[in-house]
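A short worksheet on the structure shown next.
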Amino acid sequence: MQSKKIETVCGYSCSDCDHLDAECRGCNPLRGKPFWTQFVGIEKCPIFECCVEMRKLPHCGRCPDLICERFTRFKDPGMSDEEAKAGLLRMEKELRSRK
Numbered sequence: 029m030q031s032k033k034i035e036t037v038c039g040y041s042c043s044d045c046d047h048l049d050a051e052c053r054g055c056n057p058l059r060g061k062p063f064w065t066q067f068v069g070i071e072k073c074p075i076f077e078c079c080v081e082m083r084k085l086p087h088c089g090r091c092p093d094l095i096c097e098r099f100t101r102f103k104d105p106g107m108s109d110e111e112a113k114a115g116l117l118r119m120e121k122e123l124r125s126r127k
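Counting from 29, one number per residue, gives the positions in the sequence shown under my numbering.
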């Protein structure tokens, strides 16, 4: 993992991900096509697609619909429901702190 924080539109930090570099360069450089999309049968992350391509926002913290169903549509199968909920709360806090 990298020590530099890599911000994404959804509030997750790619630098916290075990797959960064080995399998993935990060959501922003890949334009919303991180490694995990292949495992859920989609071409692009729906959060990235909505935020960047449809709403033309720099991140979801500027969206009046934060946190929407796109954040809960896919859950890491290695996480418990409690871990996923805590992760969403961290992402929301991060996004609301951005300008």
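Glycine is no exception: its CB is placed at the ideal position from the N, C-alpha and C atoms.
*residue 96: which of 61, 105, 119 sits nearest, CA to CA?*
119
*Have a look at residue 58 and residue 76 and give me their C-alpha separation to the nearest angstrom.*
10 Å
*How many Å lie between residue 101 and residue 44 at the Cα?*
21 Å
*asked:* With a threshold of 8 Å, are at least 3 pairs of Cβ atoms found where one atom belongs to the stretch 32-39 and the other to the stretch 64-81?
replied: The stretch 32-39, when compared against the stretch 64-81, does touch it at the 8 Å Cβ threshold.
*What number of angstroms, rounded off, separates the C-alpha of residue 114 from the C-alpha of residue 106?*
14 Å
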